[in-house]
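In our numbering, the protein residues as written are 253 to 585.
Everything below concerns the one structure shown next.
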């Protein structure tokens, strides 16, 4: 579906954006791939790596609606990956997080509508489900904006959906690179925030593939959640450094004990498909049907039980230490 199409990626110089660009160029033949971000150095570095004729690089911030409108001219598909993501940083700098994650989402929506973009997929996070930190609250607001944008579209052809997943193995600021650095530097222990802490485990490529599949499956208004394995943080530490002791250091500001991606309060809206869940909109769309049990590929889903919660702590699949090592190897970390 990306052949001879123009795709714009906000936050395109990040880990996700770079792998998305690589995947698009390797498996598709887009007319244009536009990297939209505010970091000129990262854009320069990407230009050395991705120098094909279809690549375009736009300096700009999602806080700047006028620049977004200019960048989206002639664009068919938008992937919104730009965000301020660090939980502690958001707690200490709440206004900046709101400007990027909430107002930036509004600007992406308006720019997409102004340019009659066909489809927009926005990246969310597990922290948007029952948020307890500011980052999660801003991403919940962002999710709501993108879902409601399908009603705002009116006569425009633009459709908006959201993809939500948890901890990406090996991403910047995540626990695996942090543990590996401590091990390399000769640390005498590994710090564990809480002995019961769990996380969903997904590779960056799986995250990219999920977004691509969302474009194919979407009607507009859905939140897509992949089915993933869980990992106990103590098992991760033991897998990476079996001979190092672990020391409990306490949960960081705004951090959760477990990741939740489908909250129980949304169970009446949640559909289970073979390899993913779909959270239907809480609102009714006035311009089209509101049935999401069959997607655009003809796949069908079934309602989950009332009270169902997709939680990394109560997940039905956990990786053991050997599986963690194999998974991390596959993820390239």
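Even for Gly, the Cβ is constructed at its ideal location relative to N, Cα and C.
### Task
Whole angstroms is fine: what's the gap from residue 540's alpha carbon to residue 532's?
14 Å
### Message
Can you look up residue 319 in the DSSP assignment and give me helix, strand or coil?
### Response
helix
### Query
Looking only at its own chain, which residues have a Cβ that is under 7 Å from the Cβ of residue 312, when we skip the five neighbours before and after it?
Excluding sequence neighbours, residue 312 sits near 288, 290, 319, 320 and 323.
### Message
Please return the same chain residues whose Cβ sits closer than 6 Å to the Cβ of residue 383, not counting the five positions on each side in sequence.
### Response
389 and 392
### Query
Roughly how many whole angstroms lie between the Cα atoms of residue 513 and residue 463?
16 Å
### Message
Applying the 10 Å Cβ sphere with the 16-neighbour rule, what's the burial state of residue 405?
### Response
Residue 405 sits buried, since 16 or more C-beta atoms from the chains shown fall within 10 Å of its C-beta.
### Query
In terms of alpha-carbon separation, which member of 397, 385 and 286 lies closest to residue 340?
385
### Query
Quick one: what's got a C-beta closer than 7 Å to residue 520's C-beta in the same chain, skipping five residues either side?
558
### Message
Going by DSSP in three states, residue 442 sits in which element: helix, strand or coil?
### Response
If DSSP states are grouped into helix, strand and coil, residue 442 belongs with the strands.
### Query
Any idea if residue 440 is buried or exposed, counting beta-carbon neighbours within 10 angstroms, 16 or more meaning buried?
exposed
### Task
State the DSSP-derived secondary structure class of residue 349, mapped to helix, strand or coil.
Of the three classes helix, strand and coil, the one that applies to residue 349 here is helix, per DSSP.
### Query
In chain order, which alpha helix (DSSP H) runs of at least 4 residues are fully inside the stretch 351–410?
Along the length of the stretch 351–410, whole alpha helix (DSSP H) runs at least 4 residues long occupy 356–366 and 386–404, reported in chain order.
### Query
Short check: CB of residue 327 to CB of residue 306, under 8 Å?
no
### Query
Any idea what DSSP makes of residue 417, helix, strand or coil?
coil
### Query
Where does residue 488 land, buried or exposed, given buried means 16+ other C-beta within 10 angstroms?
buried
### Task
Let me know if residue 452 comes out buried or exposed under the rule of 16 or more other beta-carbons within 10 Å of its beta-carbon.
buried
### Query
Which of helix, strand or coil does DSSP assign to residue 546?
strand
### Query
Where does the unbroken alpha helix (DSSP H) through residue 431 begin, and where does it stop?
427–436
### Message
For residue 550 and residue 479, what's the separation of their Cα atoms in angstroms?
### Response
19 Å
#### Entry: Bounding residues of the beta strand (DSSP E) (the contiguous stretch that carries residue 500)
Where residue 500 is concerned, the enclosing beta strand (DSSP E) stretches over 498–500.
#### Entry: CA-to-CA distance, residue 367 to residue 483, given in whole angstroms
42 Å
### Query
Can the beta-carbon of residue 450 be found less than 8 Å from the beta-carbon of residue 565?
The Cβ atoms of residue 450 and residue 565 lie closer than 8 Å to each other.
### Given residue 553 as reference, the closest of 562, 543 and 561 once Cα atoms are compared
543
### Query
Is it buried or exposed for residue 407, if we count other Cβ within 10 angstroms and need 16 for buried?
Exposed, by the Cβ-count rule.
### Task
Compare the C-alpha of residue 267 against each of 257, 525, 490 and 455 and name the closest.
455
### Message
How far does the alpha helix (DSSP H) with residue 279 in it extend, from its first residue to its last?
### Response
267–279
### Message
I'd like the list of long-range same chain contacts for residue 280, defined as Cβ closer than 7 Å, with 5 residues on each side in sequence excluded.
### Response
254 and 255
### Task
Output yes or no for whether 8 Å exceeds the beta carbon distance between residue 421 and residue 580.
yes
### Task
Report the three-state DSSP secondary structure of residue 331 (helix, strand or coil).
strand
### Query
Going straight from the alpha carbon of residue 238 to that of residue 265, what length do you get?
Outside the modelled stretch of the chain, which goes from 253 to 585, sits residue 238, for which no answer is possible.
### Query
Looking only at C-alpha atoms, which of 434, 529, 473 and 476 sits nearest to residue 498?
Of the candidates 434, 529, 473 and 476, the one whose C-alpha sits nearest the C-alpha of residue 498 is 434.
### Cross-strand partners of residue 289 (DSSP beta bridge)
311
### Query
With 16 as the cutoff for other CB atoms within 10 Å, does residue 329 come out buried or exposed?
buried
### Message
I need the straight-line Cα distance from residue 548 to residue 500, nearest angstrom please.
### Response
So the two alpha carbons sit approximately 47 Å from each other.
### Task
Tell me residue 529's beta-bridge partners as DSSP assigns them.
477 and 524
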